[in-house]
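Below you'll find the structure, written out as structure tokens, and then a few comments.
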Amino acid sequence: MKSLAVLHASQLITLSGPKRPRVGAEMSELAIIRDGGMLIRNNRIELVGPSDAIERKAGNAEIIDARGHVVLPGFIDAHTHLVFAGNRIDDFERRARGETYEQIAKAGGGIWSTVEKTRAASDLDLLAQAKKYAKWFLRCGTTTVEAKSGYGLTVDDELKILRVLRQLIQEAPLEVVPTFLGAHAVPRGISPDEYVDLVTSEMLPRVAQQKLAEFCDVFCEPGYFDIVQSRKILSGAKKFGLKLRIHADQLSNSGGAKLAAELEATTADHLEQTDEHGIAAMKSAGVQPVLLPGSVYALGSSGYPHAREMIAAGLAVAIATDFNPGSSPTPSMPMILALACTQMKMSPAEAITASTLNAAYSLNRGDKIGSLEADKLANFAIFDCEDYRELAYWFGIPQTHSVYVKGERVV
Ligand code: NIG
Ligand code: FE
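Residue numbering for the sequence shown follows the working numbering, starting at 1 and increasing by one per position.
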């Protein structure tokens, strides 16, 4: 395996420090090396430091001159719905005319319309689409994504989506962490309780037995899955050894964050409507919030989650795209950084920690990715700017220069 030496980065954003998710003021400490360098061997980072020290040890390594560029750990997107067929441009236009997400869902658009298209699509078609989106993520500087099922809603169609994810893991350079979200919506023609039974007694055992997912998620929301139903599904998943994530308090403050705490979920995601009681519950149980400002923005709302309160409470905040065709059609973590800073009043440094190291811990991969430190995988992105704050500042323009996964250039 060849060696690489990255030299002369205007800022090498290492995030080196304690081996745990960062909270409070730690989220602002990026451990930046100016004129920084990095030696890479056998897919891993061997050495990080001032450029001249790295250069002395570079030997016959291939040199990557990062002069005038920021170098960052690849972004880690801890919440996406990557596998679906079609798109929702009609919903998009209806929202532009003033209809709400809920109204459009009731009138036959929404998640259900994507479910119908996804059921009709073949494995191969879904894989081809997913590969296209995987390239989009890489082009934005993201090297790992969590990806959920949830547009199948039958035993066979949920398994089909998870098999597509498994195939994607084998074929795409993007690292993918699969999550089972059979409880994304109640499909037509079956009562909510019957569907919950189907998820717990038929889907979960097969997902676990075929090792198709690491996490289980539920859309916990009145009209989708209430607290009792969500608890049943998630505690069932726990018995099968799956870790938990939960779509919580997105449209109403309905107890999702507290349920995440009760079940010791790894993350509670969305949290637009969560109040101080939910925040306190998450803190006491060590649940990580995953905030998704892209969906607030794309739904034309202004009710962003209370990131400042969460950081002040000592929660290890992560931010993610929520990439999906309905509420957040963006793979761009730089766009999410911009929204985090302008709409949630996170500092650029906090947003970087939330989209790299904290996100890595939320996927149980904090020991392997999320920072530029010796022994971690050489997953990193080089950007066409000299100061990391420019990533959140210039918006709507790609600043990616190149992207590496396990030491291989992929963009
Ligand atoms: O995270 N909230 C539920 N699921 C998605 C939306 C999915 C869709 O509209 O297709 C979300 O926002
Ligand atoms: Fe989501």
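Note that CB positions come from ideal geometry on N, CA and C, so glycine has one too.
Beta-bridge analysis with DSSP links Gln-11 to Arg-34 and Val-70. It is roughly 35 Å from the alpha-carbon of Asp-275 to the alpha-carbon of Leu-138. Under the three-state reduction of DSSP output, Glu-272 falls in the coil class, being neither helix nor strand. Beta-carbon to beta-carbon, Leu-212 and Arg-245 are separated by about 15 Å, too far to satisfy the 8 Å threshold. For Pro-192, the uninterrupted alpha helix (DSSP H) segment begins and ends at 192-198.
Gln-11 counts as buried, since no fewer than 16 other beta carbons sit within 10 angstroms of its beta carbon. Separation of the CB atoms of Ala-147 and Pro-173 is rounded to 15 Å, and the pair is thereby denied contact status at 8 Å. The closest heavy atom of the ligand FE lies less than 7 Å from the beta carbon of Asp-322. At a Cβ-Cβ threshold of 8 Å, Met-333 and Ser-355 count as neighbours. Counted as a single uninterrupted DSSP element, the beta strand (DSSP E) harbouring Thr-142 occupies residues 142-148. Not one heavy atom of the ligand FE sits closer than 7 Å to the Cβ of His-69. Bounds of any alpha helix (DSSP H) do not take in Arg-365, whose DSSP letter is neither H nor E. Judged by beta-carbon spacing, Gln-273 lies within the 8 Å limit of Ser-252, meaning their Cβ atoms are closer than that value. Shown here for Lys-232: same chain residues with a beta carbon closer than 7 Å to its own, the five before and five after excluded, namely Val-196 and Thr-200 in chain order. Beta-carbon to beta-carbon, Lys-376 and Ile-369 are separated by about 6 Å, close enough to satisfy the 8 Å threshold.
Around the beta carbon of Gly-59, fewer than 16 other beta carbons lie within 10 angstroms, which makes this residue exposed.
For the ligand FE, no non-hydrogen atom lies closer than 7 Å to the CB of His-277. Taking Lys-239 as the centre and dropping the five residues before and after it, the same chain places no C-beta closer than 6 Å to its C-beta. Taking C-beta atoms as the reference points, Glu-158 and Gly-182 count as a pair closer than 8 Å.
In this structure the segment 350-365 does not touch the segment 96-110; the number of beta carbon pairs closer than 8 Å is below three. Ranking Cys-140, Ser-122 and Thr-114 by CA distance to the CA of Gly-150 puts Thr-114 first.
For the options Ala-307, Cys-140, Asn-364 and Val-405, the alpha carbon positioned closest to that of Leu-291 is the one of Ala-307. Annotation for Gly-255: Ile-227 place their beta carbon closer than 6 Å to its own, counting only its chain and skipping 5 residues before and after.
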